Amino acid sequence: MAEAKSIKTTGVTGLELGKQGNLEGGRPAVIFQELTGVSLLQLAVFPEQLAGFKTSFKRQTGVADLPQMSSSYCDQAGLVVRPELTKFWWLRPASADALTAGALAKYFPLDLSASRVLLKLSGAQAQTVINRFCAVDLSVEAGQFLATGIHHVPVHILKQTDTDFILFLPRSFSESLAETLHHTACQFGVEVKRPADWAKTG
């Protein structure tokens, strides 16, 4: 008998698709969209390994550089974010070729793909909605990867532009956090879009 496919909850389950709330002029000021089809691999190093890790990582993955602390680097080989001084998250399409087994084994590779929901908030009031729940400075330059929390749940935020943010939500809390953010966004007018494949969102 074929094994049944596991069903994963998503950050927008329970949210009605389409436009809702106080739509001034019929246009939403906040847009919600989950990003799917993402491979998220964590690599951890000891401080004395950083120089060697940079060389090995570039050789094995094709990523040209590594980001500074609380920042990101993106090229054709994927997106790398640095949530901690000695931890790196490498994101790329889930359909991408797997690394050669053991290529980066000494850097404690850990697949976090199933542990996070990536929820993109965009629009003129996206920053306002986020700041209603976490005291984090979103006026930083694009590409910053910020650690914060919503209702005591640790989350990370990648700033893409002044109006585009990707929230990395723990999967076990993703639905309740998405509903909380959505409830506040309704006062500005919100649109919930169907999930989009990471590889097709640029």
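Mapping of the sequence shown onto the working numbering: position 68 corresponds to residue 162, and the numbering continues sequentially without gaps. In this text, a Cβ means the ideal position worked out from N, Cα and C, and glycines have one as well. Quantities reported herein were computed from a predicted structural model and do not represent experimental measurements.
Margin query: Quick check on the DSSP output: the beta strand (DSSP E) that includes Ala279 runs from which residue to which?
Written below: In this chain, Ala279 is not harboured by any beta strand (DSSP E); it is covered by the alpha helix (DSSP H) spanning 265 to 279.
Notebook entry, point to check: Does DSSP put Asp291 in a helix, in a strand, or in coil?
Noted result: Looking at Asp291 - three-state DSSP - the assignment turns out to be strand.
Item checked: Pro203, DSSP secondary structure in three states -> Note: Pro203 maps to coil in three-state DSSP.
Next item on the list: Assign Met95 to one of two classes, buried (16 or more other C-beta atoms within 10 Å of its C-beta) or exposed (fewer than that).
Entry: Any reading at Met95 needs caution, since the residue's pLDDT is 37, under 50, leaving its predicted position unreliable; the model's value is listed next. Burial call: exposed.
Notebook entry, point to check: Among residues of its own chain, excluding the 5 on either side of Ala218, which ones have a beta-carbon nearer than 7 angstroms to its beta-carbon?
Noted result: If the five residues before and after Ala218 are omitted, its C-beta is found closer than 7 angstroms to the C-beta atoms of Ala123, Thr257, all from its own chain and listed in chain order.
Notebook entry, point to check: By a C-beta neighbour count over all protein chains shown, 10 Å radius and 16 as the cutoff for buried, is Thr149 buried or exposed?
Noted result: Exposed: under 16 other Cβ atoms inside 10 Å.
Note to self: Just to confirm before moving on: does the CB-CB distance between Asp214 and Ile244 stay below 7 angstroms?
What the structure shows: Per the sequence shown, the amino acid found at residue 214 is Lys instead of Asp. In this structure, Lys214 keeps its C-beta atom at 7 angstroms or more from the C-beta atom of Ile244.
Note to self: Measuring CB atoms only, is the stretch 104 to 119 touching the stretch 219 to 236, in the sense that at least three cross pairs come out at less than 8 angstroms?
What the structure shows: Remark: fewer than three beta-carbon pairs, one from each stretch, lie closer than 8 angstroms, so the stretch 104 to 119 and the stretch 219 to 236 are not flagged as touching.
Check: Taking three-plus beta-carbon pairs below 8 angstroms as touching, is the stretch 176 to 189 in contact with the stretch 132 to 148?
Finding: The stretch 132 to 148 and the stretch 176 to 189 touch, with three or more beta-carbon pairs separated by less than 8 angstroms.
Check: Does DSSP put Val216 in a helix, in a strand, or in coil?
Finding: A small correction: the amino acid at residue 216 is Ser; Val does not occupy that position in the sequence shown. Reduced to three states, the DSSP call for Ser216 is strand.
Item checked: C-beta atoms of Glu128 and Pro289 nearer than 7 angstroms -> In contact: Glu128 and Pro289 (Cβ atoms closer than 7 angstroms).
Notebook entry, point to check: How should Leu263 be labelled, buried or exposed, when 16 other C-beta atoms within 10 angstroms of its C-beta is the threshold for buried?
Noted result: Answer is buried; the Cβ neighbour count reaches 16.
Notebook entry, point to check: Between Ser207 and Ala241, what straight-line distance do the alpha-carbon atoms span, to the nearest angstrom?
Noted result: When rounded, the distance between both Cα atoms is 18 angstroms.
Margin query: Let me check understanding here. Comparing Cα to Cα, which of Phe239, Ile125, Leu275 lies closest to Met163?
Written below: The residue with the shortest Cα to Cα distance from Met163 is Phe239.
Check: For Ala199, which of Pro161, Ser216, Ser270, Phe151 has the nearest alpha-carbon?
Finding: A check of alpha carbon separations from Ala199 across Pro161, Ser216, Ser270, Phe151 identifies Phe151 as the nearest.
Note to self: The beta strand (DSSP E) that contains Ala241, what's its start and end?
What the structure shows: 239 to 244 is the span of the beta strand (DSSP E), which, as asked, contains Ala241.
Notebook entry, point to check: Do you know how far the Cα of Ser216 is from the Cα of Lys253?
Noted result: Each residue's alpha carbon lies about 10 angstroms from the other.
Margin query: Give the list of continuous beta strand (DSSP E) stretches no shorter than 3 residues that lie fully inside the stretch 115 to 195.
Written below: Counting whole runs of 3 or more residues, the stretch 115 to 195 contains the beta strand (DSSP E) stretches 124 to 130, 132 to 138, 166 to 169, 172 to 178, 181 to 187.
Check: Is it true that the CB of Val286 sits closer than 7 angstroms to the CB of Leu111?
Finding: Contact: yes.
Notebook entry, point to check: Closer than 7 angstroms, CB to CB, is Glu110 near chain D or not?
Noted result: Given the protein chain composition of this structure (a single chain), no chain D is represented.
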